[in-house]
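**Student:**
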Amino acid sequence: MGYKAKQGYVVYRIRVRRGGRKRPVPKGATFGKPTNMGVNQLKYQRSLRATAEERVGRKCANLRVLNSYWINQDSTYKYYEVICVDPMHKAIRRDARINWIVNPVHKHRECRGLTATGKKSRGQNKGHKFNNTRSGRRKVWKKHNTLSLWRYR
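Going by my numbering, the residue at position 61 of the sequence shown is 63; the numbering climbs one at a time, nothing skipped.
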């Protein structure tokens, strides 16, 4: 993935502030068990790259987020470039390699964890050990923890 000199493709450069995610609670009061009292050293379950894609997708609601890549970082920010596609552009709609993204099921892929970085944070991959997350972590857990019996047995 990268810059493509073709009509219908847009590349956005975005910066995301580095660091963990502070729990948004008033005065650090979580009102729960001691194991859940953490406020400061918590890590967001999605990557900063996924956050960058999500922000671009929110700002450019008429475009579809295709993918993104890291370009630079300093002590405060990480910089990414997010590749977007205009689903209404004739050059996109006529190109058999990319016109799958025109379909309405691909609206806001970045919000649903369907881009490359989103799939990575969901644990979606092929092969050994991915059987625990493949169709969805909660779905696999439910399948393993549900007792299924025949009605007449």
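By construction, the Cβ of each residue, glycine as well, lies at the ideal position given by its N, Cα and C atoms.
Rounded to whole angstroms, what's the CA-CA distance from Lys-45 to Lys-141? Just pull it up for me.
**Tutor:** Rounded to whole angstroms, Lys-45 to Lys-141 spans 24 Å at the Cα level.
**Student:** Skipping 5 residues on each side, what residues in its chain have a beta carbon closer than 7 Å to that of His-91?
**Tutor:** The residues are Gln-9 and Gly-10.
**Student:** Since Ile-85 and Val-18 should fall inside the 8 Å C-beta cutoff, what is the C-beta to C-beta distance between them, to a whole number of angstroms?
**Tutor:** Not really, about 16 Å apart at Cβ, beyond 8 Å.
**Student:** Can you tell me which of His-146, Arg-66, Pro-28 and Asn-127 puts its alpha carbon nearest to the alpha carbon of Gly-40?
**Tutor:** The residue with the shortest Cα to Cα distance from Gly-40 is Pro-28.
**Student:** Inspect the CB distances between the stretch 74–83 and the stretch 98–111 and report whether three or more fall short of 8 Å.
**Tutor:** No, because fewer than three Cβ pairs between the stretch 74–83 and the stretch 98–111 fall closer than 8 Å, the two stretches do not touch.
**Student:** Around the Cβ of Ser-70, are there at least 16 other Cβ atoms within 10 angstroms (buried) or fewer (exposed)?
**Tutor:** So Ser-70 counts as buried.
**Student:** Hey, would you say the C-beta of Arg-124 is under 7 Å away from at least one heavy atom of the ligand HEM?
**Tutor:** No copy of the ligand HEM occurs in the structure displayed, which carries no ligand at all.
**Student:** Return the first residue and the last residue of the beta strand (DSSP E) that Val-87 is part of.
**Tutor:** It spans 79–87 - the beta strand (DSSP E) in which Val-87 sits, taken as one unbroken run.
**Student:** Under 8 Å, do Ile-198 and Arg-57 count as touching if we go by C-beta distance?
**Tutor:** Since the first residue shown for the chain is 3 and the last is 155, residue 198 is missing from the structure and cannot be characterised.
**Student:** Assuming Arg-111 and Val-67 make a contact with CB atoms under 8 Å, what is their CB distance in whole Å?
**Tutor:** Right, their Cβ atoms sit about 6 Å apart.
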